[in-house]
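Contents: one structure, followed by commentary.
There are 2 protein chains.
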Amino acid sequence: MDQPSFDSQSLGRRLNELLVLSLLRRAPMHGYQVAVEVEEQSDGFFTFNHGTLYPILHRLEGEGLIAGEWSVPDGGRARKAYALTEAGRTYRADALRQWKTLVGRLSPFLDDGAAVDKVSDGAA
Amino acid sequence: MDQPSFDSQSLGRRLNELLVLSLLRRAPMHGYQVAVEVEEQSDGFFTFNHGTLYPILHRLEGEGLIAGEWSVPDGGRARKAYALTEAGRTYRADALRQWKTLVGRLSPFLDDGAAVDKVSDGAA
DNA sequence: ATCTTACTATCGAGCCTCGATATAATAGGC
DNA sequence: GCCTATTATATCGAGGCTCGATAGTAAGAT
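In order, the protein sequence lines correspond to chains P and S.
Position 36 (the first sequence) corresponds to 102 in the working numbering; numbering is contiguous.
Position 46 (the second sequence) corresponds to 112 in the working numbering; numbering is contiguous.
Shown next, in the form of structure tokens:
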């Protein structure tokens with residue numbers, strides 16, 4: 067159990083990465099599209115500022131987790147489509163596992179009366 | 067529109083706060099004890115650096131979410147015990163709701179929706 | 001022609017954690 | 001009495017990351 071436990075500092079970053087990688091897992095997309103999809107599919111709950119999204123994409127590409135490829139569609143300007151790599155798939159699976167671990171570990175702290183700690187009153 | 071949607075930047079901070087407030091909800095504690103309890107009860111998964119914890123406590127106290135009171139036990143140095151205030155209880159309930167919303171909203175992105183069930187691309 | 005939309009990109013400011021360091025009081029070893 | 005470990009609170013600089021603004025390109029609409 068020598069897990070790196072939990073790094074609250076990078077939590078936001080890792081969640082953003084997980085979101086991007088999860089979208090890219092379904093189909094390759096270019097940056098702008100990622101932002102639009104995330105926002106649409108979550109009814110506006112999740113959003114990506116451009117100044118946040120592009121650095122993420124560049125970082126992930128630099129780490130070999132996604133691969134970008136430029137293309138110029140008939141009508142329109144050049145865009146860079148990103149696809150998940152094998153390493154990215156592995157990384158995503160791991161990140162997902164970590165996320166679920168976090169949620170599970172946090173749970174007993176949030177719900178009291180979980181019958182684990184000292185529950186003085188038998189309300190639950 | 068009226069939804070603050072989701073702020074990835076403050077996610078770590080808010081999770082830490084939620085953790086602290088949730089512990090304090092069960093019983094008043096002083097700072098050092100919060101750190102010890104969190105670490106013990108999570109088997110070392112969650113930890114609090116002192117440089118992280120105390121600013122959090124001061125912030126929460128400044129916002130009136132927790133109330134600190136100095137006491138000097140027979141043997142030992144002065145300690146400041148923090149107790150959740152009414153405002154803190156409300157805030158915690160809200161933060162908890164937000165956390166669960168986040169988890170719920172994120173879920174469909176993580177688990178492939180309906181369509182993709184088999185990964186059929188070339189021999190894995 | 002100009003304005004809007006689609007699209008990629010970068011930079012400074014600001015916030016927050018991390019790790020080191022300081023302070024202080026008591027208990028125990030010697 | 002002295003030294004160190006333990007309990008406990010507190011602050012500061014460094015670093016990382018998002019946010020919002022800014023910038024630039026190209027196509028299509030007015």
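We put the CB at the ideal spot given by N, CA and C, even for glycine.
| Query | Result |
| --- | --- |
| Contact set for residue 89 of chain S: own chain, Cβ-Cβ below 7 Å, skip 5 residues either direction | 95, 100, 103 and 104 |
| Partner residues on chain S for residue 156 of chain P, Cβ-Cβ distance less than 7 Å | Chain S residues near residue 156 of chain P: none, gap ~12 Å exceeds 7 Å. |
| Beta-carbon separation (whole angstroms), residue 128 of chain S vs residue 147 of chain S, contact threshold 8 Å | Their Cβ separation, rounded to whole angstroms, is 17 Å, which puts residue 128 of chain S and residue 147 of chain S out of contact at 8 Å. |
| For residue 125 of chain S and residue 153 of chain P, the rounded distance between their alpha carbons | 41 Å |
| Paired residues, beta bridge with residue 133 of chain P - DSSP | P:149 |
| Closest residue to residue 175 of chain S among P:141, P:119, P:157 and P:82 (Cα-Cα distance) | P:82 |
| Proximity to residue 158 of chain S [Cα-Cα], best of S:120, S:84, S:118 and S:130 | S:84 |
| Spatial distance of residue 167 of chain P from residue 76 of chain P (CA atoms) | 16 Å |
| Residue 118 of chain P - containing alpha helix (DSSP H), residue span | 116-128 |
| Chain P contact for residue 117 of chain S (CB, 7 Å cutoff) | no |
| C-alpha distance - residue 72 of chain S paired with residue 139 of chain S, whole-angstrom precision | 43 Å |
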